[in-house]
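Novice: Right, I'll just put the structure down here and ask away after.
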Amino acid sequence: MAIGRSHLNRSRPAYSSMSVDKEDLSEDEERALELVREQGKIYQSEFWKALDVSSRKGSRIAKKLEEKEYVDREDAVYGGNTTYLITPVIKDEELDFALLMAGDMLSPFVGEEEVDARGDAFSQWIMNLVYEDPVVPEEETETPSEEETETPPEE
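So this is what it looks like as structure tokens:
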């Protein structure tokens, strides 16, 4: 059984946290940043429509996010019109590469279009995940032995 890239959704980076100071952004800016991060990239002409705001307000939001270094905007032509292509700025501290690791082994999914789920590389990687953080069973409560529970004979 082969697992295709579509099942993995690895085309976008894995964020360990959304290291955004909530006080730094308005509610509309937070929604906009979330949209850009989810999409990976979006044309500004589609951006404001997706946010359900006017093109003017969408432009202001995109410009503020760019000024605060949350997104990059570069000139682009889309649908025959000049617009901007908005992409998220990805800081190294926001990426969580540990999600791709099992011990010191990198996931066999990285860089592959299809991975054989029955292959040795995948199996070894899964085994490393299993043994990396073993589940520690809860301590069993000791039950007293028969000798401890025997009642002394009545005299």
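The numbering of the sequence shown is full-length UniProt numbering, which starts it at 1 and goes up by one.
Ideal Cβ positions, reconstructed from N, Cα and C, are used throughout, including at glycine.
Give me the Cβ distance between K41 and I86, rounded to the nearest whole Å; I'm assuming they're in contact under 8 Å.
Specialist: The sequence position of residue 41 within the sequence shown is 41, counting from 1. The sequence position of residue 86 within the sequence shown is 86, counting from 1. That belief holds up - the Cβ atoms of K41 and I86 are roughly 7 Å apart, short of 8 Å.
Novice: Under the three-state reduction of DSSP, which class applies to I126: helix, strand or coil?
Specialist: For this step, residue 126 is matched to residue 126 along the sequence shown. Helix.
Novice: Just to confirm the assignment, what range does the beta strand (DSSP E) spanning E30 have?
Specialist: Indexing the sequence shown from 1 puts residue 30 at position 30. From DSSP, E30 is part of no beta strand (DSSP E) but of the alpha helix (DSSP H) over E27 to Q39.
Novice: Give the secondary structure of E66 by DSSP, where H, G and I count as helix, E and B as strand, and everything else as coil.
Specialist: If you number the sequence shown from 1, residue 66 lands on position 66. DSSP places E66 in helix when its eight states are reduced to three.
Novice: Short of 8 Å in beta carbon distance, which residues of its chain neighbour V71, apart from the five on each side in sequence? Order them along the chain.
Specialist: Along the sequence shown, read from residue 1 onward, the residue named residue 71 stands at position 71. Correct list, in chain order: L33, V36, A62, L65, I86, T87, P88 and V89.
Novice: How many whole angstroms separate the CB atoms of residue 162 and Y43, which I take to be in contact at a CB cut-off of 8 Å?
Specialist: Shown here, the chain extends from 1 to 155; a query on residue 162 therefore has no answer.
Novice: Inspect the beta-carbon positions of residue 156 and D24 and report whether they are closer than 8 Å.
Specialist: The chain is shown from 1 up to 155; residue 156 falls before or after that span and cannot be answered.
Novice: Going by DSSP in three states, A121 sits in which element: helix, strand or coil?
Specialist: Looking up residue 121 in the sequence shown gives position 121. Looking at A121 - three-state DSSP - the assignment turns out to be helix.
Novice: Check the C-beta distance from Y78 over to S45 and give it rounded, since I have them as a contact under 8 Å.
Specialist: Locating residue 78 in the sequence shown gives position 78, where the first residue counts as 1. Locating residue 45 in the sequence shown gives position 45, where the first residue counts as 1. Y78 to S45, Cβ: 6 Å. Contact.
Novice: Assign S26 to one of two classes, buried (16 or more other C-beta atoms within 10 Å of its C-beta) or exposed (fewer than that).
Specialist: Here residue 26 corresponds to residue number 26 of the sequence shown, with the count starting at 1. Exposed is the call here.
Novice: What residues in its chain sit with their C-beta under 8 Å from that of S59, if we drop five residues either side in the sequence?
Specialist: For the purposes of this step, residue 59 is taken as the residue at position 59 of the sequence shown. If we look at S59 and ignore the five residues flanking it on each side, its Cβ neighbours are Q44 and W48.
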